[in-house]
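Residue numbers (the numbering used here), protein chains in the order written: chain E, 1 to 390; chain G, 391 to 656.
Every residue gets a Cβ at the ideal spot worked out from N, C-alpha and C, and that includes glycine.
Given the structure is predicted, the values throughout are model-derived calculations rather than measurements.
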Amino acid sequence: MHKVDHDIMPALDLRLTAENPDDLYEHAPCGYCSCLPDGTLVKLNQTLLGWLGYTRQELVARLTLSQLLTVGGRLHYEMHCAPLLLLQGQVREVSYSLRRRDGSTLPVLLNAVLQRDADGQPLVVRMTLFDITDRRKYEQELLRAKAKAEAQREQLRAQNEQLTRINADLDSFVYTASHDLKQPVHNLAGLFEELQRSATFHDPAAADMMGMVQGAMQQILSTIEGLTAVVQQQRQPEPGATEPVELLGLTEEIIRSLAQLPAHAEAEFALDFAAAPVVHMSRPNLHSVLTNLLSNALKYTEPGRRPRITVSTTLVEGKPVLSVQDNGRGLNLARHGGELFQLFRRFHPEVAGSGVGLYLVNRLVHQAGGRVEVASTVGQGTTFRLYLPK
Amino acid sequence: MNVLKRNNVNVSGTGTQPMVFVHGFGCNQHMWRLVAPAFESRYRVVLLDLVGAGQSDLAAYDPARYTTLEAHAQDVLDVVHALDLHDVVLVGHSVSAMISVLAAIREPERFAKLVLVTPSPRYLNDVGYTGGFEPGDIKELLDTMDDNYLGWSTAMTPAIMGHPERPELSAELNNSFCNTDPAIARHFARVTFLSDNRADLPRLRTPALILQCADDVLAPQVVGTYLHQQLRHSELVVLDTSGHCPHLSEPQATIAAMDLFLGARV
C-alpha cells in the first residue's frame, strides 16, 4: 500500500510523510473528542483540552460533552442532537457554546458521527469541534440585521396599508363630492339663466356682474367634470384594451368637437401622420389625451397672434412619437416644470381651466406604457411629445 | 378541516386496541420508530405529528391558539375522535407526556392507560419544587435555537418543495429528521418550558406509567418522584440510561417496561 503511494508520487517532499498521526490528533486545528453512547467523554485531544482549560483526568469518564455546554446548549443537545444521532447516525454544523473551566464561553460548531458495533448497537460517538468565535459574531450581527429589517418591513407594511386606506377614502370623497356638487350647480345654472331672461336690473354694472357669475359657474362645472374624469380613470386600474387607432380621423374628429372654443375659428391646424399613421392604444384614452392637449393649445393662445397648431408623428427607435405643437403663450418650465402634471396645478389663472387636463394626459400615457415630454418657451409656444409603445 | 391531515396521522398494526404515540419537543413521529413497530402485532398503532412539527399542517399553527398545552391536548382528542378510538393507550414523550395527561383529564372515558416517557409538569424551579431550570436557562436555549436557525428551519426545504421530482435533494439535507419552522419551534419552546401543569396532576384518574431515565437533565429523578406522588394511579420505572429519549437510546428496555405495565405476557 505504502509502496504504491510512493510509486504514484515519487517527487513528494519527504517532510510531508513525517506527519505523525498521534501528533495530528492531539494538536489538530480543531477539537476532537469521543464519547460513549450515553455521552460520557472517553477521549479528547490536546487542542480541545487547551480550549476548555481542563486536564484530561478531570474530564475522561467523569463528564459528558453536553455537560461542557451552556445550559441552553445542553437542553438543545439532549432534545435535538442526541435523538438525531440515534436516528440518522450523524449531525452536522450544530452551533453551541462550550463552557470553559474558568466560566467563559467559546462558540463552536459541532459535527458528530455515531459508530455502531457489529450488532448495530451504538458504540461510540466521534465529534469534531471548530472554534467559530468570529463567525458567531457575524452571524449574530446578521440575526440582528434581520430582526431589524423585519421590524422595518412590518412598519412599512402598516404604513402602506394606512396609505392605501387613505387613498381609497380620498377617492370616494372626491367621487362623492363631484357627484353631489354636479346636480345643484346644474340647477343653479338653469335657474340663473331663467333669472337673466325674466328679471330686470337697474344697476348699470349688472350686465358685467351677470357675465362674471356665468363665468364662475362655468368654471365650477368644468372643475367638477375634471374631477369626475380623474376619479373614473383612477377607479379603473386596468388600462383600456389596446387597439390600432388611425390618428388622422381621430384628430379631425376632436378638432371638430372643439369648435365652441373662441380661438377655434381663426386657428390654423397642420396634421402630418405620415411617419406613423396608426398607433396602438386604448381609443377612449387617446381621445381624452388629444382632446386635452388640443383644447389647451386653443385656450392658451398668445393674444394678437393667429394660433398655429401642428399635430404630427415621428418614429424614434422604431416607436411612434405623437407631437402636439402650438405657438401659444408658453410656460416657464424652469420654474413650473416639476409641477406641470400635478392635479389642480394651474399656470395661467387668467384663462379658465380646472387643472386636471395635463394630470390626466400624463397618467393615461403612462398607463399605456409611454411617457410625456414637454418643451416650451414663454411667448413662443409649447410642444408636447408623447412617446408611445410600439 | 381534515384532522388526520393536519396532524399527519399514520395508522398501522393488526391489533384492535389503539396505541397512540405523541412525540416531544424538537422532533416528530420519527422518534418512535424503534419502539412503535414492536406493538404493531398486538395494537392498532397511531402516530401523529403535533401541529407545528414534522409533516403537520404548519399553516394551522396559530400562535394565539397554541399558547398553552391544552390546545395540543385538544388536537390529540380530535384525532381520537376522528378515528373513533376507545380504550386507548396513550404514549407521550417529554412535553407530550403532559399533553397526554391533559387529554386524559378532559375525556377519561376514552383512555385505558397512559405511558409518560420522561415527563415533567414544570421545568422551572419554584418555591418548594425543583424543576431543574432557571428562566435564564430557557433564554439560553432560545438563543441556541436562533444560532442553529438552519438546523431547525425549513429555510432549506424550498429546495425540496421546488423539486418534488428530485427526492434525493431531501436526503442531502442536514439534520433533516427533525427540521421544523424556526419561528414555530421558538414559540413551542416557550410554551413548553414556561408551562406549569402541577395543579392538573391530581385530576388524572387514568393509570399511568412514568418512564424515568436515571440521568436526564430535562426531567431529573426528583421530578419523576414528584409526579409519582401526585398521580394517584401511577407506576414509576427508572431506566438505567442517560439522556431524555429512552425510546431511542434504550428501545428494548422501554418496550419491556411498557409491556409489563400494560399486562402483556412477556
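Proximity of the segment 254-267 of chain E to the segment 331-344 of chain E falls short of the contact definition, fewer than three beta-carbon pairs being nearer than 8 Å. When CB distances to chain G are screened at a threshold of 9 Å, the residues of the segment 126-146 of chain E falling below it are 136, 139, 140, 143, in chain order.
Judged by their CB atoms, residue 45 of chain E and residue 26 of chain E are nearer to each other than the 7 Å cut-off. By the Cβ test, the segment 393-412 of chain G is not in contact with the segment 368-383 of chain E, since fewer than three Cβ pairs between them sit closer than 8 Å. By the neighbour-count criterion, in which 16 or more other beta carbons inside 10 Å mark a residue as buried, residue 442 of chain G falls on the buried side. Assignment of residue 35 of chain E by DSSP, reduced to helix, strand and coil, places it in the strand class.
DSSP lists G:512 as the beta-bridge partner residues of residue 586 of chain G. Every beta strand (DSSP E) of 3 residues or more that sits fully in the segment 26-114 of chain E is shown, in chain order, as 31-35, 41-44, 90-99. The beta carbons of residue 509 of chain G and residue 609 of chain G sit about 6 Å from each other, so the pair counts as a contact at 8 Å. What residue 96 of chain E touches in chain G, judged by beta-carbon distance under 9 Å, is 534, 537, 538, going in chain order. Rounded to whole angstroms, the gap between the alpha carbons of residue 111 of chain E and residue 499 of chain G is 47 Å. Residue 485 of chain G and residue 582 of chain G have their C-alpha atoms some 6 Å from each other.
Around the C-beta of residue 538 of chain G, 16 or more other C-beta atoms lie within 10 Å, and the residue is accordingly described as buried.
A check of alpha carbon separations from residue 630 of chain G across G:606, G:580, G:445 identifies G:606 as the nearest. Bounds of the alpha helix (DSSP H) holding residue 288 of chain E are 283-299. The criterion of a C-beta distance shorter than 7 Å is satisfied by residue 645 of chain G and residue 425 of chain G.
Within its own chain, the residues whose Cβ lies closer than 6 Å to the Cβ of residue 447 of chain G, once the five positions on either side in sequence are excluded, are 396, listed in chain order. Around the CB of residue 195 of chain E, fewer than 16 other CB atoms lie within 10 Å, so the residue is classed as exposed.
Under the rule that a run must span 3 or more residues, the beta strand (DSSP E) segments found entirely inside the segment 302-384 of chain E read 308-316, 319-325, 371-377. When DSSP reads this structure, residue 600 of chain G sits in a beta bridge with G:506, G:626. When G:428, G:613, G:487 are compared, the shortest CA-CA separation from residue 462 of chain G is found for G:487. Comparing alpha-carbon positions, the option among E:307, E:290, E:243 lying closest to residue 265 of chain E turns out to be E:307. Runs of alpha helix (DSSP H) with 4 or more residues, each lying fully within the segment 236-277 of chain E, are found at 247-257, listed in chain order.
One thing to note: residue 372 of chain E has its Cβ within 7 Å of the Cβ of residue 365 of chain E. Neighbours of residue 421 of chain G in chain E, taken as residues whose beta carbon is under 7 Å from its own, are 83 in chain order. Contact note: residue 78 of chain E reaches chain G through 607, 608, 633, 634, using a C-beta cutoff of 7 Å and chain order. In terms of beta-carbon proximity, residue 578 of chain G stays away from the interface with chain E, with every pair separated by 7 Å or more.
In the structure shown, residue 526 of chain G falls within a helical segment according to DSSP collapsed to helix, strand and coil. Residue nearest to residue 190 of chain E within the set E:205, E:294, E:53, E:221 is E:221 (criterion: CA-CA distance). Taking a contact as a CB-CB distance under 8 Å, the pair residue 30 of chain E and residue 125 of chain E does not count as one, their CB atoms being some 16 Å apart. Residue 414 of chain G sits in coil when the DSSP states are folded into three classes, being neither helix nor strand. Residue-level contact check: residue 530 of chain G touches chain E, since one or more beta carbons of chain E fall below 7 Å from its beta carbon. Counting of Cβ neighbours within 10 angstroms places residue 589 of chain G among the exposed residues, the total staying below 16. In this structure, DSSP gives residue 153 of chain E a helical state, which the three-state scheme calls helix.
The straight-line gap separating the alpha-carbon atoms of residue 244 of chain E and residue 139 of chain E is approximately 57 Å. Per DSSP, the beta bridge partners of residue 279 of chain E are E:245.
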